[in-house]
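Protein chains in written order, with the working numbering: chain A, 529 to 832; chain B, 302 to 847.
Notes follow once the structure below has been shown.
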Amino acid sequence: MYYLKRILALVPLLLVISFLAFALVRVAPGGPFDRERAPASPEVERALKEKYRLDQPLWKQYVLYLGDLARGDLGPSMKYRHHSVNDIIRQALPATLVLGGLSFGFALGFGIPLGFATAARKGQWVDYGGSLLALIGICVPAFVIGPLLVMGFAIKLQWFPVALWDSPLNVVLPTLALGLFYSGRIARLMREGMLGVLNEPYIMTARSKGLTERAVLFKHALRPAVLPVISYAGPMLADLLTGSFVIENLFQIPGIGVFMVNSSLNKDYTMIVGLVLLYAALLLVLNLIVDFLYSRLDPQVKFE
Amino acid sequence: MWAARGFPNLPGVRPRLHTLLASCLVGALLCAGGCGGRDEPADLIIVNGAEPESLDPQIVSGQPEMRVVSSLFEGLTRFNARTGDPEPALASHWELSPDGLVYTFHLRTNLTWSTGEPITAGDFAWSWLRVLKPATAADYAALLFYLKNAEEFHLGQLADEQAVGVRALDDHTLRVELVSPTAFFLSLCAFPPLAVVPPDVVGRHGDQWIRTQPLKTSGAYTLEFWRINDRIRLRRNLRYWDNANTQNDLVDLLPITSATTALNLYLNGQADIVWDKNLVPVHLTDALRGRPDFHTFDYLGSYFVRFNVTRKPFDDTRVRKAFAMAIDRQRIVERVTRGGEKPAATLVPLSTANYLPAEGLQHDPAEARRLFAEAGFPGGRGFPAVSYLLNAGTSGSADEKVAVELQAMWRDVLGVEVSLRPMEWKTYLATMSTLDYDLCRSSWIADYNDPNTFLDMFLSNSGNNRTGWKDARYDEIIRRANATVELQPRAEIFREAETYLLREVALIGPIYSYAGFNYYDPEKIAGIHPNPIDQHPISAIQRLRR
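Structural data, given as structure tokens:
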């Protein structure tokens, strides 16, 4: 029941978001049809505005947009005249999903064990080395890591292609470049979570009962320690699944992240609103899933 | 130790966390396998710059679009691969009436669309009228205003299509009537907006016609596929009239805007040719310029400063002159741009055809200071705060570097502090068009190889004027030039117009003319020739070896 209510609440929330995005892009200076070369005549501009309904009052544009939206139509792109927003998302989303999914897997698969190990071996070389690694992942931005990976593994060693998206080998370097930051964040969260839990009285109880260190760590500490990771994983996945401009640009990946940035620069109104909605919907749904997982992992958390 | 034990011992958490992790990984890997391309390898892979906004020849206006589109759709003429001059294409020959007003084009008799139907003169007339219809929203509709009654038709002042100066006399003959003699008309005919498009397909599918498969084309290639932001693949059109001379079968064009990525792909052999002027990593220009596979050439583009004459203090000619004369162009091309650009005191680049260079204002700090004092600002005293509008970010930092350099020159010579006002591209354009600036970074690329493409920008009624300057005398000189058939006297009249614009009015401060560039290995690739309009027909490019 609770989750049903939450799901129903998504609809008005998305409506508000869509209206804000819809209105804000139109308020910003510059428009989709401002070009270096002025249109041949005011007639051309008028025809374009009419075609994309920009000649109508804002409220009417929005109402018409909602009508289309109700049918699942995000409208035509104002920059790429022969493509609809749906069409572009359909073409670009798969690459982003693959890259985002792999990076997500990498971030968890690398970050959780790293955080776990650094906490379990606190104050030893594993901790210092691992924490340094996590810190580097967080601090060095993708636009530095990416080119370094390309230089090392693609240009020097020639193990992987430098860019493009046409063989499974193409996914390796972008996954690393994108995932390292997130795995660093995860490792830190995991380490903090573990250290917090290991100070709890019940851990002392467990130890005093004579349980092995392994049992203490895995059986009693891990489950509550992973909760901060879970709550971060939702927004992280939403981030990853809507693409990264830097990585997609650097590795020439035909994903959606490039459109996220370029549509704003191009004042491609329909594209911006469509992508904002996509991102918002993903974020809201994933947060819902996080809450659900939370209630399952932590008996103290109950939503009513 | 922890790694060896791993997660399998986890009670409770194990199923959920693991299922989540595992399903993510497996799903992603499956997709990754699925997205693996099984496309056959192309003969040529070209890095082409930005993703094309459109491939409809009559709508496109950018260079990355035009390079693709001109391989798909051809006009009466086409650009010669070597010189960039117009040569017979779908029209095999033509006659021009002695008064220079009527062209009669004769189409080749063996022309067919890539799908087999004949291409007729009627298709041409239909295509050109389509460009003129406002509903098509063609950026380049004005290129056809040289046709009789075309502008009136476009503006809706004339409804009768028959009155427009293009008519099919029969299936193979097209009669074109001009408003005045137009020296560059054959160049216009080679320009994508004047290419022929299939009337039946456009009629049936409207705006979406370009996405129909198989696409009915008239040029050297057909469109194999167009995957947005991934690649465009062209395949040889076996029904093209000049198919015998097409040098390759399958060509991939990559939409790449990162200069570093383009260079990496090229150096690693994943791309054969890089040919967008924005794709030289600025910090590597010096290192790249010495390489045998890096080719630069003069390119018909001009970089200059606009003055807003509707605002004080730039309504004063002396102030504009002082600002223009304070610019040390040599220093800018040598210290900032460094890509082979030529310092220019004129708006029209020196390598333009039918052109006699005008006398622009030279770099002269002493005279600049004198004029500035005469205008009431000795040593910059009393000069109001002004700003220099420029585009920020995307197209690289060269614009910013030039701006800083200009700022320093104006400070040193005139004693004024000009603030910089960077804006992102679309906002910059809107701000320039609404004349909300004092000084403005400007550029212009030629549409065809003739001075008119630069000089008609500042006609009173031109949408590209963007200075607020309207001058009947200038309009009259340009009109007189374009009414002149003989090329020599015509060039002299243009020189008069440009000298007036630069010396007397000082409407702009020219800085340099562009350098074009591309990189490819001349031992592997042949058929790309430097020419001032940067036209390199793909069908002429040949791979010598892998």
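Glycine is no exception: its CB is placed at the ideal position from the N, C-alpha and C atoms.
query: Is Ala-691(A) closer than 9 Å to Asn-698(A) when the C-beta atoms are compared?; result: yes
query: Sort Gly-716(B), Gln-708(B), Arg-712(B) by Cα distance to Arg-722(B) and report the nearest one.; result: Gln-708(B)
query: In chain B, what lies closer than 7 Å to Lys-684(A) by C-beta?; result: Within 7 Å Cβ-Cβ: nothing; Lys-684(A) doesn't reach chain B, min ~11 Å.
query: Mind pulling the beta strand (DSSP E) runs of 3 or more residues that sit fully within the segment 349-389 of chain B?; result: 378-380, 387-389
query: Closest by CA to Ile-842(B), which one among Phe-755(B), Ser-372(B), Asp-386(B)?; result: Ser-372(B)
query: May I have the straight-line CA-CA distance separating Ala-662(A) from Glu-728(A), to the nearest angstrom?; result: 25 Å
query: Is it true that the CB of Arg-630(B) sits closer than 9 Å to the CB of Tyr-813(B)?; result: yes
query: Shortest alpha-carbon distance to Arg-431(B) belongs to which of Ala-496(B), Arg-368(B), Gly-602(B)?; result: Ala-496(B)
query: Ignoring anything shorter than 3 residues, give me the beta strand (DSSP E) runs that lie fully in the segment 664-702 of chain B, in order along the chain.; result: 687-692
query: I want to know whether the segment 812-827 of chain B touches the segment 560-573 of chain B - three or more CB-CB distances under 8 Å.; result: yes
query: Under 6 Å Cβ to Cβ from Thr-437(B), same chain only, skipping five residues before and after it: list those, please.; result: Arg-431
query: Is the shortest distance between the beta-carbon of Pro-435(B) and the beta-carbons of chain A less than 9 Å?; result: yes
query: Looking at the unbroken alpha helix (DSSP H) that takes in Asn-614(A), where does it start and where does it end?; result: 613-648
query: Between which two residues does the alpha helix (DSSP H) containing Met-679(A) stretch?; result: No alpha helix (DSSP H) contains Met-679(A), which DSSP labels as neither H nor E.
query: Under a three-way DSSP split, which group does Asn-750(B) fall into?; result: coil
query: Can you give me the start and stop residues for the alpha helix (DSSP H) that Leu-803(B) sits inside?; result: First-last for Leu-803(B): undefined, no H or E at that position.
query: Of the choices Leu-803(B), Asn-765(B), Ser-743(B), whose alpha-carbon is the least far from that of Gly-908(B)?; result: With chain B covering only 302 through 847, there is no way to say anything about residue 908(B).
query: Tell me, to the nearest whole angstrom, how far the beta carbon of Ile-545(A) is from that of Ala-808(A); I am working on the premise that it is less than 8 Å.; result: 5 Å
query: Quick one: what does DSSP say Met-724(B) is sitting in, helix, strand or coil?; result: strand
query: For the structure I just gave you, are there three or more beta carbon pairs, one from the segment 786-806 of chain B and one from the segment 646-661 of chain B, closer than 8 Å?; result: yes
query: Tyr-441(B): buried (16+ other C-beta within 10 angstroms of its C-beta) or exposed?; result: buried
query: Check distances from the C-beta atoms of the segment 560-571 of chain A to those of chain B and list, in chain order, the residues that come in under 7 Å.; result: Asp-562, Arg-563, Glu-564, Arg-565, Ala-566, Pro-567, Ala-568, Ser-569, Glu-571
query: Between His-596(B), Arg-780(B), Glu-777(B), Ser-734(B), which lies nearest to Asp-835(B) when the distance is taken from Cα to Cα?; result: His-596(B)
query: Taking Gln-828(A) as the query, report the chain B residues whose CB atoms sit under 9 Å from its CB, ordered along the chain.; result: What Gln-828(A) touches in chain B: nothing, since even the nearest Cβ is about 15 Å away.
query: Taking just the CA atoms, how far does Glu-354(B) sit from Gly-744(A)?; result: Note that residue 744(A) is Val in the sequence shown, not Gly. Straight-line Cα distance between these residues: approximately 60 Å.
query: Under 9 Å between C-beta atoms, does Lys-737(A) make it to chain B?; result: no
query: Assign Asp-587(B) to buried or exposed, taking buried as 16 or more other Cβ atoms, counted over all protein chains shown, within 10 Å of its Cβ.; result: exposed
query: For the segment 708-740 of chain A, list the alpha helix (DSSP H) runs that are entirely contained and at least 4 residues long, ordered along the chain.; result: 729-736
query: I'd like to know if Arg-512(B) contacts chain A, where contact means its C-beta is closer than 9 Å to some C-beta of that chain.; result: yes
query: From Asp-552(B) to Asp-531(B), what does the alpha carbon distance come to, in whole angstroms?; result: Looking at the sequence shown, residue 552(B) is not Asp but Val. For Val-552(B) and Asp-531(B), the distance between alpha carbons rounds to 14 Å.
query: Look up Arg-476(B) in the DSSP assignment and say whether it is helix, strand or coil.; result: strand
query: Rounded to the nearest angstrom, what separates Ala-329(B) and Leu-750(A) at their Cα positions?; result: Model confidence at Ala-329(B) stands at a pLDDT of 49, short of 50, so the residue's coordinates are unreliable and nothing is read from them.
query: Taking the Cβ atom as the reference point for each residue, do Pro-365(B) and Asp-577(B) lie within a distance shorter than 9 Å?; result: yes
query: Relative to the C-alpha of Arg-528(B), which candidate in Asp-344(B), His-584(B), Glu-352(B), Trp-726(B) has its C-alpha closest?; result: Glu-352(B)
query: Just to confirm before moving on: does the CB-CB distance between Gly-628(A) and Gly-771(A) stay below 9 Å?; result: yes
query: Going along chain B, which residues have a C-beta under 8 Å from Asn-777(A)?; result: Thr-558, Ser-559, Thr-562
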